[in-house]
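Start counting the sequence shown at 13; every next residue gets the next number (the working numbering).
Cβ atoms here follow ideal geometry from the backbone N, Cα and C, with glycine treated the same way.
None of the values given here were measured: they were computed from a predicted structure.
Read through the structure below, which is laid out as structure tokens, and then see the notes.
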Amino acid sequence: MEQRDIHFSDSWRDRALGVIFGQAVGDALGRGTEFMRKDEVKKFYPDGLWRFEQIVRDRHRRLWKMGEWSDDTDMMRCVMSAIVEQNGGVDYMSIAAKFKQWAMNGARGMGQTTYNLMMMDDYAERPFEAAELVWRMGRCDNAPNGSVMRTAVVGLLRHDVARHAENIGRLTHFDPRCVGACVVVSELVHALVYEERVLTPADVMALAQQYDERIAAYVEKAAAGNLSSLELDDPLSMGYVLKTMGAALWACWHADRFDSGLQTVVGEGGDADTNAAVAGAVMGARFGNAGLTSPEGYDYVGKLLRRSVLESEAEAFLRVLAE
Numbered sequence: 013m014e015q016r017d018i019h020f021s022d023s024w025r026d027r028a029l030g031v032i033f034g035q036a037v038g039d040a041l042g043r044g045t046e047f048m049r050k051d052e053v054k055k056f057y058p059d060g061l062w063r064f065e066q067i068v069r070d071r072h073r074r075l076w077k078m079g080e081w082s083d084d085t086d087m088m089r090c091v092m093s094a095i096v097e098q099n100g101g102v103d104y105m106s107i108a109a110k111f112k113q114w115a116m117n118g119a120r121g122m123g124q125t126t127y128n129l130m131m132m133d134d135y136a137e138r139p140f141e142a143a144e145l146v147w148r149m150g151r152c153d154n155a156p157n158g159s160v161m162r163t164a165v166v167g168l169l170r171h172d173v174a175r176h177a178e179n180i181g182r183l184t185h186f187d188p189r190c191v192g193a194c195v196v197v198s199e200l201v202h203a204l205v206y207e208e209r210v211l212t213p214a215d216v217m218a219l220a221q222q223y224d225e226r227i228a229a230y231v232e233k234a235a236a237g238n239l240s241s242l243e244l245d246d247p248l249s250m251g252y253v254l255k256t257m258g259a260a261l262w263a264c265w266h267a268d269r270f271d272s273g274l275q276t277v278v279g280e281g282g283d284a285d286t287n288a289a290v291a292g293a294v295m296g297a298r299f300g301n302a303g304l305t306s307p308e309g310y311d312y313v314g315k316l317l318r319r320s321v322l323e324s325e326a327e328a329f330l331r332v333l334a335e
């Protein structure tokens, strides 16, 4: 079957919407355990965190309203918006300009790498050079998850997914581990949406080895099935890009349902909104938008704070992809 045939199928649409809304739901629910250790998560949510209404309203979490997504999804929306404005084309400078515009208009929750870049006056004019400079200033050893958190939507592009994932990732995060993780997640989504196929660990290993040998260990941990082995709540490394990628791979390969997979990821604590955003997007590609519910009928999408905004943006994005 050619990709254009798949484009107009109900399955393609359901899975594509699942990516976008799965990301937003994961982002919003993950806020409930962000920066917590796993034992703290168990203390605050002894029966697990399943619903937005359960989220504790402490000093950190009360900055966001119930069902509100964060920077992870906002930066994904920037990518979508730039592509819509280019009528389906991918212009990296336009995406960088969207990032800068967003950052200068009340953005919240940016990671340090992204913040440092957005504060550069000329970032939008030379984003790749700026990203490389910031990476080198960190002794070429800084690999946070600020690019992989927005990359799942790149997997919805029809062509050149790896190239676009590389370059959109490098707009902010230059490290090869970050670039490789973006490609892995984007290709994982692309295979699910366009081919209804789950990439195997061997498939992912073949992708990973093109970028950085350190990625392999996290693919292996995800494939083994023990999410706790990723130590997502380690305070010294909770924002590490390969941990977020590993959580998404685990969700793709081992989750039985969207809600239970999401609950397991957020239950690990750490940088939970980002881990759950990427895992949610991947599970959305796997289970579809119709699968973003619980057996009890809890409507995650319906309870998103700005659902109508995201619906409108998603429809516009899917339209230009299908043209």
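Query raised in the report: Identify the residues that DSSP records as bridge partners of THR212: which are they?
Result: THR212 is not bridged to any residue.
Query raised in the report: With a CB to CB cut of under 6 angstroms and the five nearest residues on each side skipped, what residues in its chain are close to SER198?
Result: THR163, VAL166, GLY167, VAL173, ALA177
**Report entry** Distance between MET161 and ALA115 (C-alpha atoms, nearest Å)
**Finding:** 16 angstroms
Report task. Give the secondary structure of TYR230 by DSSP, where H, G and I count as helix, E and B as strand, and everything else as coil. Result -> helix
Query raised in the report: What number of angstroms, rounded off, separates the C-alpha of ASP59 from the C-alpha of LYS233?
Result: 26 angstroms
Query raised in the report: Does the distance from the C-beta atom of ALA155 to that of CYS190 stay below 8 angstroms?
Result: yes
Query - Cβ separation of GLY79 and ALA40, assumed to be a contact under 8 angstroms, to the nearest whole Å - result: 5 angstroms
Query raised in the report: How close, in whole Å, do the beta carbons of ARG269 and LEU204 come, if the pair is a contact with beta carbons under 8 angstroms?
Result: Actually they do not touch by this definition, with Cβ atoms about 15 angstroms apart.
Query raised in the report: Measuring CA to CA, which of PHE33, ASP224, GLU280 is closest to ALA326?
Result: PHE33
Query raised in the report: Secondary structure at PRO139, three-state DSSP: helix, strand or coil?
Result: helix
Query raised in the report: Can we count GLY300 as close to the ligand MG, meaning its CB is less than 7 angstroms from some heavy atom?
Result: Here there are no bound small molecules, and the ligand MG is not part of this structure.
Requested in this report: Give a yes or no on whether the C-beta atoms belonging to VAL96 and VAL332 are separated by under 8 angstroms.
Outcome: yes
Query raised in the report: With 16 other CB atoms within 10 Å as the buried threshold, where does ASP17 fall?
Result: Confidence in ASP17 is poor, its pLDDT being 47 and thus under 50, which makes the residue's placement unreliable; the coordinate value appears in the next sentence. It counts as exposed.
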